[in-house]
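Let me begin by presenting the structure, written as structure tokens, before commenting on it.
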Amino acid sequence: MTGFGKHIVELPNKKITIEIKSLNSKNLDLNARMPSQYREKELQLRNLISKNMVRGKVDFSLYVEITGEETSASVNAPVVKKYMEQLKAIPETGRKDDVELLKMAIRLPDALQTERDEIDEDEFKTIENGVEKALVEINQYRSDEGNALEKDFRARIENLKALLEEVIQLDPERIEGVKERLQKAISELKENVDENRFEQELIYYLEKYDITEEKIRLENHLDYFEESLNSEDSNGKKLGFIGQEIGREINTIGSKSNYAPMQKVVVQMKDELEKIKEQLLNVL
């Protein structure tokens, strides 16, 4: 399920921006980006996020902006001096002045050395609180999207029920059509037909095309889908299974219908179900 949460932590000498984004995914796929000095706390932050987000492709980012005068990086003077001496010894660069050589040397490896700061526990606690606030925001975002999805599901289930009612209304016409086609086919043969045998064949074909069980099961599945929407538990997978069963009954009705008006209704039912299945990917 898609979502976005953000929180900014203001400290005396730095500003920390926490962002959490999520996209659809069947499982939890968490990617974390943060400065190296916070890596030792990454597992704790991952556990905190995992407890609050069951699934989704989640990107967690922690950005640090130094706002004070403190910095953990310093010039490695002996290394820079050695680089400049070596650059002077090269004919192509030896003619450059010291300022140009310094610009070149400062960009070379190890010219800057970074002192690794220990993470202050109070600072980390503040970051944890910031992550929790960002999680509240993203989960609210996802909850709002879920409410919109629920309304859409209910509307489409009602559409399917209305289409099923059309199928039920068309069924007697369809059966009469099957009888008429069989009788017409027999009359065109211009043969005397054993009435008992004809009745047996007619019963066979009517049983073959009978969709009474499919109509009952489909109605039950649609009701069960609505009941599951009312559940307080996370039920995305359950709704997915019910959706599969709904599709199975619709497909069977379509294959048995052998009647153009009913097949048109079945196509509409498949279209509604397909839209439900697409949105089910967003449900936990």
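Under full-length UniProt numbering, the first residue of the sequence shown carries the number 1, and numbering increases by one thereafter. In this text, a Cβ means the ideal position worked out from N, Cα and C, and glycines have one as well.
How many Å lie between residue 171 and residue 277 at the Cα?
27 Å
What are the start and end residues of each continuous beta strand (DSSP E) run of 3 or more residues lying completely inside the segment 107-172, in chain order?
The DSSP assignment places complete beta strand (DSSP E) segments of no fewer than 3 residues inside the segment 107-172 at 112-114, in order along the chain.
Within 8 Å, strictly: CB atoms of residue 30 and residue 54:
no
Separation of residue 19 from residue 103, as counted between CA atoms:
36 Å
Output the distance between the C-alpha atoms of residue 225 and residue 263, rounded to the nearest integer angstrom.
Going by the C-alpha atoms only, they are around 24 Å apart.
For residue 169, which residues of its own chain have a beta-carbon under 8 Å away from its beta-carbon, when the five flanking residues on both sides are left out?
Setting aside the 5 residues that flank it on each side, residue 169 has no residue in the same chain whose C-beta is closer than 8 Å to its C-beta.
Assigned secondary structure, residue 290 (DSSP; H/G/I helix, E/B strand, else coil)
Only positions 1 to 284 of the chain appear in this structure, which leaves residue 290 out of reach.
If I follow the unbroken alpha helix (DSSP H) through residue 98, where does it start and stop?
98-105
Assuming contact is defined by CB atoms lying nearer than 8 Å, are residue 7 and residue 133 in contact in what I supplied?
yes
Find out if the Cβ-Cβ distance for the pair residue 273, residue 24 is shorter than 8 Å.
Their beta carbons are not under 8 Å apart, which means residue 273 does not touch residue 24 by this criterion.
Can you name, in chain order, every residue of its own chain whose Cβ lies under 7 Å from the Cβ of residue 266, other than the five neighbours on each side?
250, 253, 254, 257
Beta-carbon proximity of residue 66 to residue 13, cut-off 8 Å
yes
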